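Using full-length UniProt numbering, the first residue of the sequence shown is number 1, and each one after it goes up by one.
We put the CB at the ideal spot given by N, CA and C, even for glycine.
Quick caveat: nothing in here was measured; it's all calculated off a predicted structure.
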Amino acid sequence: MEILQIEPRALASPSSQVPLMRFPTAKRIFCIAFSPAVIPPSPFPLSSRGYSSSRVVVPAKAVVAAAEVARLKENWLDSLTYPLPRLTEDDEPSTSPGGADSSAGPGSNWVVGIDPDLSGAIALLKTEDSVCSAQVFDSPSLKVVVGKRIRKRLDVKSIVQLLRSFDAPVGTTAYIEQSIPYPQDGKQGWWSGGFGYGLWIGVLVASGYSVVPVPSLAWKNEFKLTGETATKDESRRRASMLFPSLSSSLTRKKDHGRAEALLIAAYGKGLKMNSTATSSMDESL
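So, in structure tokens, the structure goes:
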């Protein structure tokens with residue numbers, strides 16, 4: 001039997017020569033010899049290829065320092081903050097679109113909470129003379145033709161008019177629940193949720209409010225709405241406890257949007273669930 005001899009050529013260095021290899025000519029074998037100095041890098045870690053390594057090298061672009069993450073988050077929140085005018089001694093205090101004076105601190109005693117869904121609502125909490133009052137309104141909407149179907153959409157003009165009617169000080173903080181798509185919502189649900197979320201943010205900032213997005217888990221954990229208690233009915237019950245004067249507005253199942261808007265506003269204002277809702281509101285003032 002004949003023997004085929006294969007010798008390496010053009011190696012990077014004499015010390016990296018590959019030893020002589022012998023194969024029978026009966027088999028057709030294609031061999032490529034690499035010098036260790038020119039072996040191409042692999043995009044997969046050694047551990048995924050069956051090798052062990054005591055050192056894992058992470059690409060520099062994949063590493064984002066905690067300080068950078070904080071900076072990016074701060075820039076995002078700053079972009080959602082209404083640009084307050086800089087006052088001088090000769091300037092008069094600025095007012096809201098409705099005429100409310102903001103000289104005592106922009107929106108320091110006012111808080112708005114928003115559930116941005118189509119079935120959501122907007123809640124207003126304000127403190128005047130050490131008394132905290134609460135109001136809640138369904139999100140204005142109207143029916144529109146989409147393709148061959150009639151669907152409900154947010155009424156932008158009515159939202160602007162509603163916000164102006166509050167007479168809130170310029171810079172009042174509005175806490176809005178972050179829109180997170182879920183697989184079971186489908187494409188229409190994803191589009192509607194993102195559209196409403198972005199629309200509310202744009203209208204709020206343009207109307208003089210400073211927006212703070214709130215993850216749903218943040219305010220739900222605050223009011224123990226997790227696990228078996230994470231239901232729409234339980235949200236209405238918690239909101240009725242915290243705001244007994246509005247309990248008559250939270251009796252129907254479809255009033256869960258009002259309840260969630262109130263709880264989001266309460267989360268932003270720092271209200272706590274104690275034995276009685278009244279004491280919780282008083283302690284936060």
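Problem set entry | Counted within 10 angstroms of its Cβ, other Cβ atoms place residue 206 as buried (16 or more) or exposed | Position 206 of the sequence shown, counting from 1, holds the residue named residue 206. Classification of residue 206: exposed, given that the 10 Å Cβ count is below 16.
Exercise. Under a three-way DSSP split, which group does residue 145 fall into?
Worked result: Within the sequence shown, residue 145 is the residue found at index 145, counting from 1. Reduced to three states, the DSSP call for residue 145 is strand.
Problem set entry | CA nearest to the CA of residue 200, picked from 115, 78, 235 | In the sequence shown, counting from the first residue as 1, residue 200 sits at position 200. With distances taken between Cα atoms, residue 200 lies closest to 115.
Problem set entry | Sequence-distant residues of the same chain with beta carbon closer than 8 Å to residue 261, five excluded per side | Numbered from 1 along the sequence shown, position 261 holds the residue referred to as residue 261. Same-chain partners within the cutoff: 113, 114, 115, 120, 121, 122, 123, 136.
For this session: Grab the span of the beta strand (DSSP E) containing residue 222 for me, first residue to last.
Result: As a working note, residue 222 is residue 222 in the sequence shown. Element bounds for residue 222: not the beta strand (DSSP E) but the alpha helix (DSSP H), 216-222.
For this session: To the nearest angstrom, report how far apart residue 268 and residue 256 are at their CA atoms.
Result: Taking the sequence shown and counting its residues from 1, the one referred to as residue 268 is at position 268. Taking the sequence shown and counting its residues from 1, the one referred to as residue 256 is at position 256. Distance between the alpha carbons of residue 268 and residue 256 is about 18 Å.
Exercise. Tell me which same chain residues have a C-beta within less than 7 Å of the C-beta of residue 96, skipping the five on either side of it?
Worked result: As a working note, residue 96 is residue 96 in the sequence shown. At residue 96 the pLDDT is 48, less than 50, meaning the model places this residue with poor confidence; the figure from the coordinates comes in the next sentence. Excluding positions up to five away in sequence, the list reads 102, 167, 168, 169, 170, 208.
Exercise. When the Cα atoms are used, what is the spatial distance from residue 155 to residue 202?
Worked result: In the sequence shown, counting from the first residue as 1, residue 155 sits at position 155. In the sequence shown, counting from the first residue as 1, residue 202 sits at position 202. Within the model, the alpha-carbon separation for residue 155 versus residue 202 is close to 14 Å.
For this session: Can you say whether residue 172 is buried or exposed, counting buried as having 16 or more other CB atoms within 10 angstroms of its CB?
Result: Counted from its first residue, the sequence shown places residue 172 at position 172. Around the beta carbon of residue 172, a 10 Å sphere encloses 16 or more other beta carbons of the protein chains shown; the residue is thus reported as buried.
Problem set entry | Own chain residues within Cβ distance below 7 Å of residue 226, not counting five before or after | For the purposes of this step, residue 226 is identified with residue 226 of the sequence shown, where counting begins at 1. Excluding sequence neighbours, residue 226 sits near 220.
Exercise. What is the DSSP secondary structure of residue 152, counted as helix, strand or coil?
Worked result: Translated into positions along the sequence shown, residue 152 becomes position 152. Residue 152 falls in the strand class under three-state DSSP.
Problem set entry | Reduced DSSP category for residue 160 - H, G, I as helix; E, B as strand; rest coil | As a first step, residue 160 must be located in the sequence shown, where it is residue number 160. Of the three classes helix, strand and coil, the one that applies to residue 160 here is helix, per DSSP.
Exercise. So, is residue 126 buried or exposed, given that buried needs 16 or more other C-beta atoms within 10 angstroms?
Worked result: Counting from one through the sequence shown, the residue named residue 126 turns up at place 126. Taking all protein chains in view, the Cβ of residue 126 is crowded by 16 or more other Cβ atoms within 10 Å, so the residue is classified as buried.
Exercise. To the nearest whole angstrom, what separates the beta carbons of residue 265 and residue 175, a pair I think is in contact under 8 Å?
Worked result: The residue given as residue 265 occupies position 265 in the sequence shown. The residue given as residue 175 occupies position 175 in the sequence shown. Rounded, the Cβ-Cβ distance is 6 Å, consistent with contact.
Exercise. To which residues of the same chain is residue 234 closer than 8 Å at the C-beta, ignoring the five residues directly before and after it?
Worked result: What you label residue 234 is simply residue 234 of the sequence shown in a count that begins at 1. Same-chain partners within the cutoff: 225.
Exercise. Can residue 140 and residue 165 be called in contact, C-beta distance under 8 Å?
Worked result: For the purposes of this step, residue 140 is taken as residue 140 along the sequence shown, with counting starting at 1. For the purposes of this step, residue 165 is taken as residue 165 along the sequence shown, with counting starting at 1. A distance of 8 Å or more separates the beta carbons of residue 140 and residue 165.
For this session: Please name the residue, chosen from 75, 117, 72, that lies closest to residue 254 on a Cα-to-Cα basis.
Result: Your numbering for residue 254 matches position 254 in the sequence shown. Of the candidates 75, 117, 72, the one whose C-alpha sits nearest the C-alpha of residue 254 is 117.
Exercise. Going by the CB atoms, is the gap between residue 204 and residue 134 shorter than 8 Å?
Worked result: Sequence index remark: in the sequence shown, residue 134 carries index 134 (1-based). Sequence index remark: in the sequence shown, residue 204 carries index 204 (1-based). No, they are not a contact pair.
For this session: Determine the extent of the alpha helix (DSSP H) in which residue 269 is found, giving its start and end residues.
Result: The count along the sequence shown starts at 1 and reaches residue 269 at position 269. Counted as a single uninterrupted DSSP element, the alpha helix (DSSP H) harbouring residue 269 occupies residues 256-269.
For this session: Check whether the Cβ atoms of residue 211 and residue 80 lie closer than 8 Å to each other.
Result: Reading the sequence shown from its first residue, position 211 is the one you call residue 211. Reading the sequence shown from its first residue, position 80 is the one you call residue 80. In contact: residue 211 and residue 80 (Cβ atoms closer than 8 Å).
Exercise. By Cβ distance below 7 Å, which residues in the same chain neighbour residue 160 in space, the five residues on each side in sequence not counted?
Worked result: On the sequence shown, position 160 is the one that residue 160 refers to. Excluding positions up to five away in sequence, the list reads 203, 207.
For this session: Look up residue 195 in the DSSP assignment and say whether it is helix, strand or coil.
Result: The count along the sequence shown starts at 1 and reaches residue 195 at position 195. In this structure, residue 195 counts as helix in the three-state DSSP scheme.
Exercise. So the beta strand (DSSP E) residue 233 belongs to, where does it begin and stop?
Worked result: Indexing the sequence shown from 1 puts residue 233 at position 233. Going by DSSP, residue 233 is part of no beta strand (DSSP E) but of the alpha helix (DSSP H) stretching over 232-242.
Exercise. Given that a residue counts as buried once 16 or more other Cβ atoms are within 10 Å of its Cβ, and exposed if not, what is residue 145?
Worked result: On the sequence shown, position 145 is the one that residue 145 refers to. It counts as exposed.
Exercise. Closest to residue 131 by CA distance: which of 109, 148, 237 is it?
Worked result: If you number the sequence shown from 1, residue 131 lands on position 131. It is 109 whose Cα lies nearest to the Cα of residue 131.
For this session: Pull up the distance between the alpha-carbon of residue 151 and that of residue 143, whole angstroms please.
Result: Numbered from 1 along the sequence shown, position 151 holds the residue referred to as residue 151. Numbered from 1 along the sequence shown, position 143 holds the residue referred to as residue 143. Going by the C-alpha atoms only, they are around 6 Å apart.
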